[in-house]
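A short write-up of the structure that comes next.
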Amino acid sequence: MKLYINDTLVPVIWEDNASTRSLMEDVSEGDMVISMSRYGGNEQVGSLRKQYRSNDKQMTTHNGDIVLYNSNNLVVFYGSNSWAYTKLGKIDLPEQEVTDLLSNEDVIITIKK
Numbered sequence: 008m009k010l011y012i013n014d015t016l017v018p019v020i021w022e023d024n025a026s027t028r029s030l031m032e033d034v035s036e037g038d039m040v041i042s043m044s045r046y047g048g049n050e051q052v053g054s055l056r057k058q059y060r061s062n063d064k065q066m067t068t069h070n071g072d073i074v075l076y077n078s079n080n081l082v083v084f085y086g087s088n089s090w091a092y093t094k095l096g097k098i099d100l101p102e103q104e105v106t107d108l109l110s111n112e113d114v115i116i117t118i119k120k
């Protein structure tokens, strides 16, 4: 899968789990466009089209982490937070680049095949 933040393609190391595989299946049927909103000064959150299988674990997230929250929200971090999430992947860029891409008020994330 390819992930775009606004129009910028970003490299992602995707997890191999049921949640990510389900997301891949949906993306194979068409691009997924998610309107994200800045939250808490450290993350972007957007609602997904449906509930996804989750395997939440208590974790401390870091810059670039991509997680599933409440089975139907995509969260991408440019800071850290401790909560129960299902990890989907990690953006493979230097921290400052991730922060620059995500720290705007609102962003659009597009996931493509």
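Read in order, the letters of the sequence shown correspond to residues 8 to 120 in my numbering. Just so you know, even glycine gets a beta-carbon here, dropped at the ideal spot from N, CA and C. Note that the structure is predicted; figures quoted are calculated from it, not measured.
Beta-bridge pairing of residue i - partner residues as DSSP gives them
| i | result |
| --- | --- |
| Ser-87 | In the DSSP output, where bridge partners are listed per residue, Ser-87 has none listed. |
| Gln-65 | Ala-91 |
| Thr-15 | Ile-12 |
Within 8 Å, strictly: CB atoms of residue i and residue j
| i | j | result |
| --- | --- | --- |
| Phe-84 | Glu-50 | yes |
| Ser-42 | Asn-80 | no |
| Thr-117 | Val-40 | yes |
| Val-34 | Leu-108 | no |
Candidates the options: closest to residue i by CA position
| i | options | result |
| --- | --- | --- |
| Gly-37 | Lys-9, Val-52, Thr-68 and Met-43 | Lys-9 |
| Thr-27 | Gly-48, Ile-12 and Val-74 | Val-74 |
| Asn-62 | Asp-107, Asp-23 and Leu-109 | Asp-23 |
| Ser-44 | Gln-103, Ile-12 and Ala-25 | Ile-12 |
Neighbourhood of residue i by C-beta distance below 7 Å, restricted to the same chain and skipping five residues each side
| i | result |
| --- | --- |
| Ile-20 | Gly-96, Lys-97 and Asp-99 |
| Ser-78 | Gln-58, Tyr-59 and Ser-61 |
| Ser-110 | Tyr-85 |
| Thr-15 | Leu-108 |
Contacting residues, own chain, Cβ-Cβ under 6 Å from residue i (five flanking each side not counted)
| i | result |
| --- | --- |
| Tyr-76 | Val-82 and Tyr-92 |
| Gln-65 | Ala-91 |
| Leu-71 | Note that residue 71 is Gly in the sequence shown, not Leu. Same-chain partners within the cutoff: Lys-97, Ile-98 and Val-105. |
| Lys-119 | Lys-9 and Asp-38 |
| Ala-126 | Residue 126 falls outside the range modelled here, since the chain spans only 8 to 120, and no answer is possible. |
Beta-carbon contacts of residue i that lie in its chain and below 8 Å, excluding the five residues immediately before and after
| i | result |
| --- | --- |
| Gly-48 | Gly-86 |
| Asn-88 | Gly-47, Asn-49, Glu-50, Thr-67 and Thr-68 |
Worksheet item: What beta strand (DSSP E) runs, 3 residues minimum, are completely inside the segment 19-60?
Response: 19-21, 39-46 and 50-54
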